[in-house]
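Below: one structure, written as structure tokens.
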Ligand SMILES: C[S@@+](CC[C@H](N)C(=O)[O-])C[C@H]1O[C@@H](n2cnc3c(N)ncnc32)[C@H](O)[C@@H]1O
Ligand code: SF4
């Protein structure tokens, strides 16, 4: 029987070395050392991989504050690593053999930046973007498939397509994923959310006019943008930008304290159960409907080039 697709978000550790204004996970304080024990990480992944067609997202906090995870992940089969995306803030460079092995074998290594200059980046993100880009270059040379992950918000809506993407492409990066800022966690109530539909429509104008088709760019939006994007679908397609609605998938999110939720954005909601109290994860999951659709999850995708 064909396995059902499951999007897994595994929050291996909550803590982080920086404190971004928008962090939906409310990470940053190293006093709270919540983390999934190393001995549980591969067994969770392996059990779910056998039961589902798994898309694995390893998130934090910041994974490079916990480098032993790479020794653990390096034991997994290559086919499992091929289904994995790791996301990092890129502030830490490490090139131990395990880091090299894992980064070379996973599908995507996403590094987050919010602009190509410190002025743009620091609107939300509290680190030196030039150092992050240097590290990203070194990881790229190491053989990692680097994807720069950018949050679209009011502070970069004018510059992201026209200035930031070309500047990053000139530095040798060609894969980008753009997600709109969500009002979740520390992002809730932030003045940088794009509230006016007119501003979003202006952004689509810029996309149509300037998005270079030689790059691989994926832009993900929640259901509140479906109508505006669909109204411009013909213009977008003419500009070689593909538009695709996303069917709801099964979704599972495992937090650093072992709490299980369905939605990855739902960092403070009620947990279904805790993995530390279960000895058969898949059997327990069968008691829930994991099919997920909400106001924050991506509902429509635009892309140019290859999917990244
Ligand atoms: C929670 S972080 C964890 C990984 C790593 N610390 C990092 O920043 O890349 C994962 C991604 O979520 C993004 N993110 C955090 N809060 C967000 C929000 N409120 N809306 C949209 N994206 C958000 C970050 O910019 C980052 O790209
Ligand atoms: S977005 Fe990432 S880097 Fe920023 S505080 Fe959250 S976990 Fe840390």
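In our numbering, the protein residues as written are 1 to 308. We put the beta carbon where it would ideally sit given N, CA and C, even for glycine.
Across the set 244, 224 and 102, the C-alpha of 244 shows the shortest separation from the C-alpha of residue 233. According to the DSSP assignment, residue 271 belongs to no alpha helix (DSSP H), since it is labelled neither H nor E.
Closest by C-alpha distance to residue 76, out of 51, 36, 41 and 96, is 41. For the options 158, 68 and 191, the alpha carbon positioned closest to that of residue 203 is the one of 158. Taking the Cβ of residue 23 as the reference point, at least one heavy atom of ligand 1 falls within a distance shorter than 7 Å. Short note on residue 151: C-beta closer than 7 Å to some heavy atom of ligand 1. The Cβ neighbour count for residue 128, taken over all protein chains shown within 10 Å, is under 16; the residue is labelled exposed. DSSP, read as helix, strand or coil, puts residue 288 in coil. With distances taken between CA atoms, residue 122 lies nearest to 150 out of 96, 143 and 150. According to DSSP, residue 245 shares a beta bridge with 300. In this structure, the CA atom of residue 64 is about 6 Å from the CA atom of residue 92.
For the set 268, 282, 179 and 270, the Cα lying nearest the Cα of residue 225 is the one of 179. With contacts defined as CB atoms closer than 8 Å, residue 35 and residue 66 qualify as a contacting pair.
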